[in-house]
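First comes the structure, then the notes that go with it.
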Amino acid sequence: MSVDRRPVAGALMVGFAASFLLCGYEFVRSVSTSLFIGAYGAHNLPFVMTLAPLGTFGMVWGYGVLLSRFGSRQTLFLTSVLSGGGILACYGGILSGFHPAVGVLYVLREAYIVLIIEQYWSFINSVLRDDQGRKYNGPICGIASVGAICGGLIVGQTAKVIGSEHLLIFAGLSLLPAAFLAWWAYGLGGVPVQEPEKRGKLALGLFRDIPTLRYLAGLIFVTQMVSAVLDLRFSGLVETALPIQDERTAYLGYFYALLNGCAFVFQFGVAPLLLHFVSLRTAHLGIPVVHLITCGVLLAYPTLTTGALAYLVFKTLDYSVFRAAKELLYIPLSFDARYRAKEVIDAFGYRASKGMTSGLIALAGTISYRVFNIGRLPGSVYPLVALGALGVWSWIAWAITRSEDDRGRRLRVSEEVADL
């Protein structure tokens with residue numbers, strides 16, 4: 026890999042690209058959720074979330090083809106521009122009265138953001154050393170959060186003025202500056218040397234050989250189970266409290282602005298300090314403990330406030346401490362692990378877990394209605410599922426950090442032997 030051309034500057038420039046990306050994403054996230062609830066109801070969100078992994082898999086597979094043909098720099102540019110075009114196409118479909126475009130937009134929103142954001146992190150993990158990652162991963166996330174905060178605030182201020190659908194124009198166009206800034210970042214940090222393709226477009230064979238990748242896949246699966254159930258519970262509470270579409274969109278815009286503001290504080294302040302003074306194991310084990318508390322509160326006191334709090338705390342830590350700590354595990358791995366296997370884990374695995382969880386909830390809801398005639402699932406089901414997943418999360422966090430501790434000890438021993 027190339028690390029000799031201003032790697033920190035390149036990594037920080039990716040942060041600015043992510044700022045534009047996430048600004049546009051806040052338009053898509055708030056608008057697509059509000060439009061879907063308005064068209065089909067929050068109780069049908071599990072069905073469209075179940076389709077999201079299919080869209081994500083298709084995009085990840087296409088990404089693998091592009092990466093083999095064009096390399097990492099050109100692939101990031103192309104996927105950014107094509108995603109922007111897809112959002113604008115959905116906007117056209119919605120305006121023309123093609124109602125399935127709302128569902129397509131939701132699936133696209135779930136797929137494009139993880140595909141592009143993980144390419145940013147593949148680049149960062151390729152040009153920064155471990156010590157640099159501990160220092161700069163948090164601030165890079167913080168720079169990106171500035172755009173997310175602005176996007177949420179703009180949605181909150183304008184949704185009731187210009188209408189929810191028209192905000193999609195800005196979402197699509199935001200990917201153009203994101204694409205060009207990412208291109209510039211590669212110019213600053215250098216293009217990582219691509220190894221000959223040995224394990225296929227998605228490097229699936231690496232999962233057999235590298236235990237860290239298997240643990241990471243499991244970690245992402247259970248974290249997104251928690252994310253899915255908290256998202257669904259929050260959306261249901263929002264639907265009940267805010268039945269008017271544009272008011273709901275505005276609320277979601279302000280909510281995500283607050284969420285990203287909290288993440289910003291954690292990214293610049295908490296994550297760098299925590300990863301400097303606390304071991305990686307302590308950081309990874311501490312996160313699910315926090316969520317156990319908030320999910321317990323939601324279970325005991327099911328209100329919009331507690332639902333919003335549980336989801337906000339989850340996403341705040343997910344975007345800051347968890348993200349910064351997780352990315353450190355990729356730094357010592359190979360190009361194929363960082364660029365191919367990572368997309369399988371953090372893009373497809375991310376959405377597959379959310380989709381499978383949503384699908385099971387949709388199935389349970391259908392059975393409860395048709396077999397037991399009890400209507401929708403009780404709200405308590407969601408935090409209970411989260412609490413169960415958090416137990417598994419804690420075990421995987423312990424296992425993966427033990428694996429990293431063992432690897433670190435082996436490296437130190439080999440260095441000591443080399444010095445003799």
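Residue numbers 26 to 445, in our numbering, belong to the letters of the sequence shown in order. Virtual Cβ for every residue (Gly too), placed ideally from N, Cα, C.
Backbone CA spacing between Arg365 and Leu329 [nearest angstrom]: Reading the sequence shown from its first residue, position 340 is the one you call residue 365. Reading the sequence shown from its first residue, position 304 is the one you call residue 329. Straight-line Cα distance between these residues: approximately 39 Å.
Residue burial classification, Asp371 (beta-carbon count within 10 angstroms, cutoff 16): Indexing the sequence shown from 1 puts residue 371 at position 346. By the 10 Å Cβ count, Asp371 comes out buried.
Neighbour flag for Ile235 against chain C, beta carbons, 8 Å: The chain labelled as chain C is not found in the depicted structure, where only one protein chain is given.
Member of Ile119, Glu51 and Ile142 whose CA lies at the smallest distance from the CA of Ile179: Locating residue 179 in the sequence shown gives position 154, where the first residue counts as 1. Answer by Cα proximity: Glu51.
Distance between Thr391 and Phe95 (C-alpha atoms, nearest Å): One-based indexing of the sequence shown puts residue 95 at position 70. One-based indexing of the sequence shown puts residue 391 at position 366. The straight-line gap from Cα to Cα measures roughly 45 Å.
Spatial distance of Ser44 from Ile174 (CA atoms): What you label residue 44 is simply residue 19 of the sequence shown in a count that begins at 1. What you label residue 174 is simply residue 149 of the sequence shown in a count that begins at 1. Between Ser44 and Ile174, the C-alpha separation is close to 9 Å.
Among Val263, Leu310, Tyr344 and Thr248, nearest to Cys287 - alpha-carbon criterion: For the purposes of this step, residue 287 is taken as residue 262 along the sequence shown, with counting starting at 1. Closest by alpha carbon: Tyr344.
Where Val303 falls: helix, strand or coil (DSSP): The residue labelled residue 303 in the question sits at position 278 within the sequence shown. Reduced to three states, the DSSP call for Val303 is coil.
Minimum length 4: unbroken alpha helix (DSSP H) runs contained in the region 190-271: 192-198, 200-214, 231-234 and 236-266
Where Arg437 falls, given that 16 or more other Cβ within 10 Å makes a residue buried: Numbered from 1 along the sequence shown, position 412 holds the residue referred to as residue 437. Confidence at Arg437 is low in this model, with a pLDDT of 37, below 50, so the placement of that residue should be treated as unreliable; the coordinate-derived value is given next. With fewer than 16 other Cβ atoms within 10 Å, it is exposed.
Three-state secondary structure assigned by DSSP to Leu354: Your numbering for residue 354 matches position 329 in the sequence shown. Here Leu354 sits in coil by DSSP.
Leu103 in three-state terms, based on DSSP: Position 78 of the sequence shown, counted from the first residue, corresponds to residue 103. In this structure, Leu103 counts as helix in the three-state DSSP scheme.
CB of Ala387 within 8 Å of CB of Pro78, strictly: Here the question's residue 387 lines up with position 362 in the sequence shown. Here the question's residue 78 lines up with position 53 in the sequence shown. Cβ atoms of Ala387 and Pro78: not closer than 8 Å.
Three-state secondary structure (DSSP) of Thr328: Here residue 328 refers to the residue found at position 303 of the sequence shown. Three-state DSSP puts Thr328 in coil, outside helix and strand.
Chain-order list of residues whose beta-carbon lies under 7 Å from that of Asn285 (same chain, five-residue window excluded): The count along the sequence shown starts at 1 and reaches residue 285 at position 260. The answer, listed in chain order, is Ser170, Ala173, Ile174 and Gly177.
Beta-carbon contacts of Val53 that lie in its chain and below 6 Å, excluding the five residues immediately before and after: Your numbering for residue 53 matches position 28 in the sequence shown. If we look at Val53 and ignore the five residues flanking it on each side, its Cβ neighbours are Arg134 and Ala196.
First through last residue of the alpha helix (DSSP H) which encompasses Asp447: In the structure displayed, the chain extends from 26 to 445; residue 447 sits before or after that span and is not available.
Cβ-based neighbour list, Val186, same chain, cut-off 7 Å, excluding 5 preceding and 5 following: The residue labelled residue 186 in the question sits at position 161 within the sequence shown. Around Val186: no qualifying Cβ.
Assigned exposure category for Phe123 - 16 Cβ within 10 Å defines buried: Working through the sequence shown from its first residue, we reach residue 123 at position 98. Exposed, by the Cβ-count rule.
When Leu277, Trp209 and Arg401 are compared against Ala36, the one with the closest alpha-carbon: As a working mapping, residue 36 is identified with position 11 in the sequence shown. Out of Leu277, Trp209 and Arg401, Trp209 has the C-alpha closest to the C-alpha of Ala36.
First through last residue of the alpha helix (DSSP H) which encompasses Asn150: As a first step, residue 150 must be located in the sequence shown, where it is residue number 125. Counting along the chain, the alpha helix (DSSP H) containing Asn150 begins and ends at Pro125 to Val152.
Ser59, DSSP secondary structure in three states: To locate residue 59, count along the sequence shown from 1; it is residue 34. Here Ser59 sits in helix by DSSP.
Which of helix, strand or coil DSSP assigns to Pro403: Counting from 1 along the sequence shown, the entry for residue 403 is found at position 378. Looking at Pro403 - three-state DSSP - the assignment turns out to be coil, as it is neither helix nor strand.
Cα-Cα separation between Val410 and Ala34, rounded to whole angstroms: Indexing the sequence shown from 1 puts residue 410 at position 385. Indexing the sequence shown from 1 puts residue 34 at position 9. Their Cα atoms are separated by approximately 42 Å.
CB of Ile168 within 8 Å of CB of Phe280, strictly: Taking the first residue of the sequence shown as 1, we reach residue 168 at position 143. Taking the first residue of the sequence shown as 1, we reach residue 280 at position 255. In this structure, Phe280 does not lie closer than 8 Å to Ile168 by Cβ.
Beta-carbon contacts of Val85 that lie in its chain and below 6 Å, excluding the five residues immediately before and after: If you number the sequence shown from 1, residue 85 lands on position 60. Closer than 6 Å at the Cβ level, and outside the excluded window around Val85, lie Glu368, Ala372 and Phe373.
Sequence-distant residues of the same chain with beta carbon closer than 8 Å to Lys160, five excluded per side: As a working note, residue 160 is residue 135 in the sequence shown. Closer than 8 Å at the Cβ level, and outside the excluded window around Lys160, lie Pro297 and His301.
Nearest-angstrom Cα separation, counted from Ala282 out to Phe72: As a first step, residue 72 must be located in the sequence shown, where it is residue number 47. As a first step, residue 282 must be located in the sequence shown, where it is residue number 257. Their Cα atoms are separated by approximately 27 Å.
Nearest-angstrom Cα separation, counted from Ile194 out to Leu113: For the purposes of this step, residue 113 is taken as the residue at position 88 of the sequence shown. For the purposes of this step, residue 194 is taken as the residue at position 169 of the sequence shown. If you take the alpha carbons of Leu113 and Ile194, they lie about 6 Å apart.
Distance, Val56 Cα to Gly243 Cα: As a position in the sequence shown, residue 243 is number 218, starting the count at 1. As a position in the sequence shown, residue 56 is number 31, starting the count at 1. Using only the alpha carbons, I get a separation of about 31 Å.
Counted within 10 angstroms of its Cβ, other Cβ atoms place Pro313 as buried (16 or more) or exposed: Here residue 313 corresponds to residue number 288 of the sequence shown, with the count starting at 1. With 16 or more Cβ atoms within 10 Å of its Cβ, Pro313 is classed as buried.
Supposed contact pair Ser252 and Phe339 - C-beta distance, whole angstroms, cut 8 Å: Locating residue 339 in the sequence shown gives position 314, where the first residue counts as 1. Locating residue 252 in the sequence shown gives position 227, where the first residue counts as 1. Confirmed, about 6 Å.
Residue nearest to Ile425 in terms of C-alpha spacing, selected from Glu190, Gly380, Ala333 and Thr237: On the sequence shown, residue 425 is found 400 positions in, with the first residue counted as 1. The shortest C-alpha separation from Ile425 is found at Thr237.
Beta carbon of Leu412 nearer than 8 Å to that of Ala350: Position 387 of the sequence shown holds residue 412. Position 325 of the sequence shown holds residue 350. No, they are not a contact pair.
CA nearest to the CA of Thr75, picked from Trp423, Gly384, Ser359 and Val417: For the purposes of this step, residue 75 is identified with residue 50 of the sequence shown, where counting begins at 1. The shortest Cα separation from Thr75 among Trp423, Gly384, Ser359 and Val417 belongs to Gly384.
Supposed contact pair Leu140 and Met38 - C-beta distance, whole angstroms, cut 8 Å: The sequence position of residue 38 within the sequence shown is 13, counting from 1. The sequence position of residue 140 within the sequence shown is 115, counting from 1. With 8 Å as the limit, Met38 and Leu140 do not qualify as a contact, their Cβ atoms being about 19 Å apart.
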